[in-house]
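Trainee:
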Amino acid sequence: MSSSTRAGSAGYDMSIIFSPQGKLYQVEYAFKAIKSGGLTSIGVCGKDTVVVATQKKIPDKLIDPKSITSIYKITDYVGCVQTGIVPDSKSQVSKAIEIAASFHNKFGYHIPPNVLAKRIADLAQLNTQHASARPLGVCMILIGIDEELGPQLFKIDPAGVFCGYKACSAGEKEQEATNFLEKKFKSISSKDSNNNNNNNSKLSRDETIQLAISTLQNVLGADLKASDIEIGICSTDNIKFTLLPEDEIDTQLTKLAERD
Amino acid sequence: MSSSTRAGSAGYDMSIIFSPQGKLYQVEYAFKAIKSGGLTSIGVCGKDTVVVATQKKIPDKLIDPKSITSIYKITDYVGCVQTGIVPDSKSQVSKAIEIAASFHNKFGYHIPPNVLAKRIADLAQLNTQHASARPLGVCMILIGIDEELGPQLFKIDPAGVFCGYKACSAGEKEQEATNFLEKKFKSISSKDSNNNNNNNSKLSRDETIQLAISTLQNVLGADLKASDIEIGICSTDNIKFTLLPEDEIDTQLTKLAERD
Amino acid sequence: MSSSTRAGSAGYDMSIIFSPQGKLYQVEYAFKAIKSGGLTSIGVCGKDTVVVATQKKIPDKLIDPKSITSIYKITDYVGCVQTGIVPDSKSQVSKAIEIAASFHNKFGYHIPPNVLAKRIADLAQLNTQHASARPLGVCMILIGIDEELGPQLFKIDPAGVFCGYKACSAGEKEQEATNFLEKKFKSISSKDSNNNNNNNSKLSRDETIQLAISTLQNVLGADLKASDIEIGICSTDNIKFTLLPEDEIDTQLTKLAERD
Amino acid sequence: MSSSTRAGSAGYDMSIIFSPQGKLYQVEYAFKAIKSGGLTSIGVCGKDTVVVATQKKIPDKLIDPKSITSIYKITDYVGCVQTGIVPDSKSQVSKAIEIAASFHNKFGYHIPPNVLAKRIADLAQLNTQHASARPLGVCMILIGIDEELGPQLFKIDPAGVFCGYKACSAGEKEQEATNFLEKKFKSISSKDSNNNNNNNSKLSRDETIQLAISTLQNVLGADLKASDIEIGICSTDNIKFTLLPEDEIDTQLTKLAERD
Amino acid sequence: MSSSTRAGSAGYDMSIIFSPQGKLYQVEYAFKAIKSGGLTSIGVCGKDTVVVATQKKIPDKLIDPKSITSIYKITDYVGCVQTGIVPDSKSQVSKAIEIAASFHNKFGYHIPPNVLAKRIADLAQLNTQHASARPLGVCMILIGIDEELGPQLFKIDPAGVFCGYKACSAGEKEQEATNFLEKKFKSISSKDSNNNNNNNSKLSRDETIQLAISTLQNVLGADLKASDIEIGICSTDNIKFTLLPEDEIDTQLTKLAERD
Amino acid sequence: MSSSTRAGSAGYDMSIIFSPQGKLYQVEYAFKAIKSGGLTSIGVCGKDTVVVATQKKIPDKLIDPKSITSIYKITDYVGCVQTGIVPDSKSQVSKAIEIAASFHNKFGYHIPPNVLAKRIADLAQLNTQHASARPLGVCMILIGIDEELGPQLFKIDPAGVFCGYKACSAGEKEQEATNFLEKKFKSISSKDSNNNNNNNSKLSRDETIQLAISTLQNVLGADLKASDIEIGICSTDNIKFTLLPEDEIDTQLTKLAERD
Amino acid sequence: MSSSTRAGSAGYDMSIIFSPQGKLYQVEYAFKAIKSGGLTSIGVCGKDTVVVATQKKIPDKLIDPKSITSIYKITDYVGCVQTGIVPDSKSQVSKAIEIAASFHNKFGYHIPPNVLAKRIADLAQLNTQHASARPLGVCMILIGIDEELGPQLFKIDPAGVFCGYKACSAGEKEQEATNFLEKKFKSISSKDSNNNNNNNSKLSRDETIQLAISTLQNVLGADLKASDIEIGICSTDNIKFTLLPEDEIDTQLTKLAERD
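Here the protein sequences line up with chains A, B, C, D, E, F and G, keeping their order. Mapping of the first sequence onto full-length UniProt numbering: position 59 corresponds to residue 59, and the numbering continues sequentially without gaps. Mapping of the second sequence onto full-length UniProt numbering: position 117 corresponds to residue 117, and the numbering continues sequentially without gaps. Mapping of the third sequence onto full-length UniProt numbering: position 75 corresponds to residue 75, and the numbering continues sequentially without gaps. Mapping of the fourth sequence onto full-length UniProt numbering: position 103 corresponds to residue 103, and the numbering continues sequentially without gaps. Mapping of the fifth sequence onto full-length UniProt numbering: position 120 corresponds to residue 120, and the numbering continues sequentially without gaps. Mapping of the sixth sequence onto full-length UniProt numbering: position 66 corresponds to residue 66, and the numbering continues sequentially without gaps. Mapping of the seventh sequence onto full-length UniProt numbering: position 71 corresponds to residue 71, and the numbering continues sequentially without gaps.
#1: For chain B, is any of its Cβ atoms less than 7 Å away from the one on residue 56 (chain A)?
#2: Tell me whether the segment 35 to 47 of chain B and the segment 73 to 83 of chain B touch, counting them as touching only if at least three CB pairs, one residue from each stretch, are closer than 8 Å.
#3: Locate the alpha helix (DSSP H) running through residue 214 (chain B), then write down its first and last residues.
#4: Compare the C-beta of residue 24 (chain B) against all C-beta atoms of chain A and say whether one is closer than 7 Å.
#5: Using 7 Å as the threshold, is the C-beta distance between residue 226 (chain F) and residue 246 (chain F) below it?
#6: Using beta carbons (cut-off 7 Å, strictly below), is residue 210 (chain A) in contact with chain B?
#7: Taking only beta-carbon positions, decide if residue 198 (chain B) is within less than 7 Å of chain A.
#8: Establish whether the CB of residue 64 (chain A) and some CB of chain E are separated by less than 7 Å.
#9: Under the rule that 16 or more other beta-carbon atoms within 10 Å means buried, what is residue 241 (chain G), buried or exposed?
#10: With a Cβ-Cβ cutoff of 7 Å, do residue 145 (chain A) and residue 239 (chain A) count as a contact?
#11: Considering only residues of the same chain and omitting the five flanking positions on each side of residue 171 (chain E), which have a CB-CB separation below 6 Å?
#12: In terms of residues, what are the limits of the beta strand (DSSP E) holding residue 146 (chain F)?
#13: Name the two residues that bound the continuous beta strand (DSSP E) containing residue 72 (chain D).
#14: How do the segment 49 to 63 of chain A and the segment 177 to 185 of chain E stand: do at least 3 beta-carbon pairs fall below 8 Å, yes or no?
#15: In this structure, how does DSSP classify residue 52 (chain B) when only helix, strand and coil are distinguished?
#16: Report buried or exposed for residue 127 (chain F), applying the criterion of at least 16 other Cβ atoms within 10 angstroms of its Cβ.
#17: If you draw a straight line from the alpha carbon of residue 16 (chain F) to that of residue 19 (chain D), how long is it in whole angstroms?
#18: With residue 167 (chain B) as the anchor, note down where its beta strand (DSSP E) starts and where it stops.
#19: Measuring CB to CB, does residue 124 (chain B) end up less than 7 Å from residue 129 (chain A)?
#20: If we call anything under 7 Å between Cβ atoms a contact, is residue 50 (chain C) one with residue 209 (chain C)?
#21: On the three-pair Cβ rule with 8 Å, is the segment 150 to 164 of chain E touching the segment 106 to 126 of chain E?
#22: Might you give, ordered along the chain, the residues of its own chain that have their beta carbon closer than 7 Å to the beta carbon of residue 205 (chain A), omitting 5 neighbours on each side?
#23: With a CB to CB cut of under 7 Å and the five nearest residues on each side skipped, what residues in its chain are close to residue 110 (chain E)?
#24: Residue 36 (chain D) lies in the beta strand (DSSP E); which residues open and close that run?
#25: Along the alpha helix (DSSP H) that carries residue 107 (chain C), what are the first and last residues, could you check?
#26: Can you tell me the Cβ-Cβ gap for residue 296 (chain E) and residue 22 (chain G), rounded? I've got them flagged as a contact below 8 Å.
#27: Mind checking residue 107 (chain A): buried by the 16 CB within 10 Å criterion, or exposed?
#28: Which class does residue 241 (chain G) belong to by DSSP, given the choice of helix, strand or coil?
#29: Between residue 82 (chain A) and chain B, is there a C-beta pair that is closer than 7 Å?
#30: Beta carbons nearer than 9 Å to chain B: which residues of the segment 125 to 158 of chain C have them?
#31: Roughly how many whole angstroms lie between the Cα atoms of residue 101 (chain A) and residue 155 (chain A)?
#32: Please report the straight-line C-alpha distance between residue 27 (chain F) and residue 251 (chain F), rounded to a whole angstrom.
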C-alpha cells in the first residue's frame, strides 16, 4: 500500500465512521473483497424468463463438484447467485431463508422477490451503520417471478443498495460484463424502439439463457463447457426456481455456437 | 487531505464528541456524504399543492428504471424525497413508516406531517449524541397536507434539524437551487406584498410544479426530459401522496418552455 | 488550533474524564457549541410576569417562519427558550415534556417550575459523568408561575448547573446581555433600596417585556422589528405559558422607542 | 502543563487504573476540581450543636440569591454542605436522599448520620474502582444528631474516604481553615485538659456557630456580612436540620465582633 | 517480522475488519496457526467407504497414547479429524456434538453429515464477522454415510468455508498431500473415464484406506508404523463411525508394502 | 519514573493482561498503593489468643479519633485489620460482611475464619482476571477462633493470595516487621523445639499482645502511647472479636517496658 | 525487554488475537507466569496407584505450614496439584469443585476424572478465545481412579490442552523433570517390553511414590525432607484422594535412600 493511500484514509477505514470526505471505507473494502474472489456472475431478465449464471470453478480437482455452487435456492420460487466471500454468502442466504420462512408463516403466502430483496438490503445497511460487525463481503443477484410483475432481477450489494435490473453482473469482471450487456441491450432496444424503458425485455427463454452464457464467455475470453457454468432459472411457465441441468446448458452452448 | 485539515480535527472527528470549537465532525462529514451523492432535490409548497422533485439518474442503462427512485411514500398521505446514501435513505424511510403505522394504531388517525417530521428528526439527533452508531448520510424532504394548516413541506438533516419551508433543496447543488428559489419567491412576494410572511404561497398547482422543475433545470444547466425527473405531489384536492405520471411531467415541461 | 491549546488538553478532552487541573473539557466544548450558535436569549422576571425573549433569525428566506422557534411550551404552565444546537434543544424539550407528564400522572398536579428545572439539570449532569453520551450543546432558560412563589426564572446549562434568576441571558452575546441587565437592575434596586435581595423585582408587565426587548436590541446593536423577536410569557393573571403575539411585540417596541 | 507532569502520569490518569506508584490520578484530579471551585466550607461540632457553614457567593448579581446554596437537607434530621462541582453536588445529594428514604422504608426509623455517611462513601468508592464513570468532583460535610452519640460531623471525599470530625473544612482554603480550627481547638483543649480526646467538644451553641463564622472570616480575610454566609445547624434541643436565619447570623456576627 | 509486512497490514490484522485490499487478516493468521501445528490429516472417500487419517505424534513419551487423538466421534454415525490448535479442536467438536444432539431431539433422526458440516461452518463464519471472539485455529475434516448419497467427506476451515471432497488434506503438508491425492485420482479417473465427475469414486474399502495411508507416508517421507497412524472410518456396511484398530492398520500397511 | 521502567512495562501495566514475563502489573501497583499508605499492621497468633494490631495515626487533630480505625468487625467472631487505601478497605469489609451474613443465613452457623478468608481472596482474584475493575489496593489480616482449630490468622492480598500465619505484617514497614517477628518466633521455637512446626505457638495472651506491640514499636522506632495503637483480639476464653480497651493497651505497654 | 522482542510481538500480545505467525501471545505469557512461580510438580501413574507430588516451600517462616499447599481435593475421589499463580490455582479449583458437584447432582454418580479434566480444559480454552478475561496462569495435574480404567493422570494447561500421562511435570523445572521421568520409564519399559504402550505401568504403590519423590530430588538437586514434600494419592485399594501423611513420606524417603 502506498503511503499516500494511508494518508487518504487515516484511520477512518478501521470502523464504520465517516471519513472527512463522507466516505465509509469499510464498505469500499468489502467491494474489494468481492472483486478479488475471482468469479463473475450474470443476471438476465427476459420476457418470461429470468436467469442467473456464473462460472463454476472447482479450485481443487478433489472437491466434490456438487458441493461447489454459487447459486442458492431461497424459497421454491426465489433463488440467487452469490459473488464474494463464500462463508459470507452462505450466512446471507441463511438469513434470507429465515426471512422468507417467517414472512410465509406470518402472511400465508410466499414472499415476493422485491420484498425479500428489500429486507436483505436492510440487513446489509445495518452492517454499515453499527459498530458491532463488519459489512458482508458479498453481492447477491436475486431472481424470481412476481405474480403481477413477471420476471424480476435484483442486485443487493454490501452497502445495502438494491436495484431491479434488466441484466446485471457482479464480481471480478463486473465492469466488462456490464459493458457487454449494455451493448447487447442497446441493439435489442434499437430493434424494438417502442419498448425502450420496459424492463421486461422481449428476450425469449433461449435468448435470455444464451445472453447470460455469451456474456460469461465474452468477459472470460474462453470457450466454456457446460460443466464450467451454473445457471439458475425461473420462468412464467415454471415459476419454481431451478438449476438448469448440464445437458440443457450444453444444448444452449451448441445453439449459441451455431448462431454466431 | 491536507495536513492542516487533519490538524484542525485532531481525532475529534472519529466519534460523536465535541471538538474544542464545539463542533461535531461526524455530523459534518455526513453532510459531505449527501453532497457527494451527485443528486439534487427540490421541494416547493404552493397554495393548495406541495411537491417534491428530483433528478432520476439511472446510473446504469440495464437498471430497471422503476426500481430507481428517490421518492418514497410513507403513508397514503405523506411522502418524501431522500437525498444522500441510498441504503441510509431506505433505512430512514422504513423507520418513518413504522413510526407512522404505530401512531395510527395508537391514536386512530393518520400522523400529521409535522409530527412525523419531528419524530424522524429526534431519531437523527440520537445518532449525533450516542456512540452506538454513526449519523445517517441522508437528507429528507417530507411533504403532506395537514388537515388544518394545508400543504406542508419539511426538511430533516443528519444533525436532526427539521424545519418547515416554502421551498427548499438538498444535495449536490443545494446552494444554487436555494438561491434560485429565493430569487423566485422574492419576485412572487414583491408582487403580493401583503402576504410577506405567509408560508402558503399563492402558487397554483401548475406554478408549484413548474417552479420545482425550472429550479432543477436551472441548477443542472440542462434540458431535462420527463423521464429524467421524479415528482411527488399532495394537494388539498387530492390529499393522497402520488407520483406525478410521466405524461403530466411532459405537459408541464412543455408549458414551462412555452412560458419562458 | 494552536499546538499550545492541544498541549493544554492532551487527550483529556476526548471523553468525560478529569484533566489534571480538574476540568471536564467536553463540558467546556459544549458551552462553545452554544456560543457559536449565533443567537442570544434573554429571561426577565418581573413582579407578576416572567418572560423569555430571543432573536428570531430565519437563516433562509424560504423557511416557514412559523417553524423556526427557540421558544417551547413544556406544559401549559411552563415554557422555555433554548439556545445552542437545535436538535439537542428539541431532544431536551422532549425529555422535559416526558418528565412533566409523568410527574402529573404520579402526583395529580402540575410539576412546579423549580422541580422541573432540577430534573432537567440532573439529566444534564449524567451526561457529564457517564461515558455513554456527550453533554447536550444547549442552554435552557425556563419560566413559569409557582403557586406560592410567583414568577420563576431558571437557567440550566450543559454542566447540569441550574439557578433561579431575576434576569439572565444565554448564547453568543451572553456576557454583554448580562452586563446590560445588571446595570439596569442596579438602577432599579437603587431606586427601591428596601427590596435589595428580593427576586421578585418590582417590574411591571410592560417593564418586564420592554427590558427583555431592550437588552436584545442593545447587545445586537440593531433596531429589531417585531418579527425578529420571539417572546414567551407567564403572568400571575394568566399563568398559562403563551407566546406574545407579534402585534403586542410591536406595541411594546413602539412604547420602548417612545420611552427612550 | 509541564512535560514532566505528563511524563509522570503517562496515561495512568486517563482511567481508573493504578499508576506504577500505586496512585489513582482521576481521584487526585477530582480533588483539584473541588479546590478550583472557589468556595470554602466549614463544619464544627459543639457540645449540643453541630453546624456547617459556607460562603454564599452569588456569581452573578442577577441570580436569585435563594437559588444559590451549598447547604442541602437530606432528611429532616440530616443535612450537609457540598463543596466542588455544583451539579455533582446535587447528584450526590439526590442519591443520599434516596438512600435515606429507602432506609426509613425498610427499617421504620430515620437513618443515623454515620450510616448515611458510610453509604455515600461506599458509592463514591465505586466510582474509583469501576470504569463506567468518573469520580464525583465534590466533598460532602454532613451533620446530624445521633440519638445516642449526640452531634455528629462527617466529611466524605471523592476517594470515598469518610471520617468523623470535631471540626473540618473543604474547598479552596481547606488547608488554611484546618490550621485555624486546629489552633482554636488546641487552645480549647488546653483549657479543658481532661477532655482531650473527646469529640463532643465543650463548645456551646453560640461558640460553635461563632467558631465556624470566624474561621470563614479568617481564611477569606474579609469582613463577611450575614448575607455572605450560609449556616446549617442541628442541635440536641432541636434535632431537625435547619438553616440559620439571616438575622441570627447577623446577631452572631455582632457578638463575634464584640467578643474580639 | 519485516517492516514491510507490518506496512502491508497496518492495524487491519488486529481485529475482524477489512483491509484496504478486502482481506480479513485474523482469518489468514488462523490458517497459519493450523499449518504450524505440525500435523497433516487426510480424508478419502471411496465407493462404499470414507476415511479420515492422521499422524499420531506423541509429543512426549510419557503421555498416555490413548489420550492423544485428532479423531473425534460427533455422533454414532459422524466423525472427524481435527487439525490445528488442540483446545480449539475440542471446543469445536463440543459444539458439533451439541448441534447434533439438538437436531436429533428436534427432528427425531440423526443429523445428516452435510447439514452438520453447514452448521459448523456457519458458526465459524460468525467468528470472522463479529468482534467478540477470534476465529478458531482449526480445520475439520468430517465424514459420515448419508442415507441417500452414501459416503460423504467435508472440510470446514476457519474462514467458515465448507466443501465436499473426493479426498482432501489439512495441516502442515496440506499442499503436498493434495498434489499427491490429485495425481492418484487422476490416474483412477483416466482408467474409469466415464465416471469423471462422480464424487463416489470407485475405490474399494481397502483402496480407500490404503490411499489415505500412502498419502501420509508420501508427504511425511517416512515409513509409518501402525501406532503412528489414526484412522476413522464409516462404510455403507457399517455406517457407525469407528476407529480402525491398530492391527487392521498394520494389515493395511503390509498390503500396501506388498502392492508397491 | 525512569524511561527504562516504562520500557519494561510498555503498556502491559494499563490493564489486566500478562506482560511478556508473565507479570500482572496492575497487581504489583496495587501493592505499591498499600505500601505508600504510611501505616503498618501486625497479626500475631498465640496459644489461645490471636490479635491484630496497627498504628492509629490521626492525620488531622480535628478528626474524631473514634472514626479513624483500621480494625473492623466482620461478624461477632471474626475481625480484621485493613492496610492500604481506606475506601477500598471499607468496600472489602462490606463485601466480607455480606458474605458472612449470607453464609449464616444459608447454613445456620457462623462462617469459619478460613472459609471467609477464602471467599474474600476469591473476590480479589476476580479483580486480577477480568477487565471490569482494578484490583483493590488493600491487604487484609483476618483473625478468628475456629471451633476445632483454635486461633486463626490469615492474610489476604490484592493478588488474591491468602495464607494462614503464626504472625504476619502488612503495609509500609512490612519487611522490617516480618524480620522482627521471624527472629522472635525463632527464639521461641528454639526454646520449645518439640513444637517447631505447630502454628499454635505457645504464646500466652499477654505474650501475644506484647509481641504485636513490640513489633510495632520496633519498626516504627518510637515509643508508642496506648492511643497510638489499635488492637483487635479473639481468644478461646472469649471468642467474640473485641477491640482491646485503651487502658489494657496501656497496661500491656507498661508490662512490656518493665520486661525489657 | 529487547526491542527486537517488542518488534516480534508488535501489539499482538495485548489481547487474545492471532499474531501474523498464528500465535496467541497471552497464552505464551501465561506459561511464563507458571515457570516463574518457582515450584515444580510431578505426577506419576502406577499399576494401582497414582500420585501427585510437589515441593512445599514456605516462603515465610511465619506462615502456618498447613495453609500452604499446592495439592487440592476436588471430590472425595479426585484431586490435583496446581502449579503457577496461586490465586488463579484456587479459582480454577473452585470451578472444578462446582463442575463436579453439578455433575453429581445431575447424573447421580461421581464425575469420572477424564470428564472433569475435559471440562476444566474447555473453560481454559474459552479464556484463550474471548476478550473478556486473560488466560489463567496455572497448570493443573489431576488424578483419580476411573472405575473401569484404573488410575488416571491428566495435565491441563493455560492453552486448554489436556492429556493423559504415565508421568508428567509442571513448573520451573518441568523440562528437567520430564527428561528424568522419561529415562526412568524407558528403563522400566525395556525390562517389560511387552507392555510398551500401556499406560498402566507396572509400578507398585511404593515404586510410584518413590519415583515421584526421586524426580523432585533429582531436579531440585537437594536432599528433601518429608516436610518439604506434599504428596496426594489415589489407589485402587483406597480410591479416595488422600494426602500422604508426613511419616509415610519419611518412610518412603528412607526406603529410597536405602535403595540407591
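The beta carbon of each residue, even a glycine, is placed where N, CA and C say it ideally should be.
Mentor: Working from what's here:
#1: no
#2: yes
#3: Judged by DSSP secondary structure, residue 214 (chain B) falls within the alpha helix (DSSP H) whose first and last residues are 205 to 220.
#4: no
#5: Against a cut-off of 7 Å, the Cβ pair of residue 246 (chain F) and residue 226 (chain F) comes out as a contact.
#6: no
#7: Confidence is the limiting factor: at residue 198 (chain B) the pLDDT is only 48, short of 50, which leaves the residue's position unreliable and the question unanswerable from this model.
#8: yes
#9: buried
#10: yes
#11: So the list reads 39, 40, 41, 83, once near-sequence residues are dropped.
#12: 138 to 146
#13: 71 to 73
#14: The segment 49 to 63 of chain A, when compared against the segment 177 to 185 of chain E, does touch it at the 8 Å Cβ threshold.
#15: strand
#16: buried
#17: 13 Å
#18: 167 to 171
#19: Result no, Cβ atoms of residue 124 (chain B) and residue 129 (chain A) do not sit closer than 7 Å.
#20: The Cβ-Cβ distance between residue 50 (chain C) and residue 209 (chain C) does not fall below 7 Å.
#21: yes
#22: Only 46, 48, 49, 235 meet the Cβ criterion.
#23: 75, 77, 104
#24: For residue 36 (chain D), there is no enclosing beta strand (DSSP E), as DSSP marks it with neither H nor E.
#25: 86 to 107
#26: Because chain E spans 1 through 260 in this model, residue 296 (chain E) falls outside it and cannot be assessed.
#27: exposed
#28: Of the three classes helix, strand and coil, the one that applies to residue 241 (chain G) here is coil, per DSSP.
#29: no
#30: Of all residues in the segment 125 to 158 of chain C, only 127, 131, 132, 133, 134, 135, 136, 137 place a beta-carbon less than 9 Å from a beta-carbon of chain B.
#31: 21 Å
#32: 40 Å
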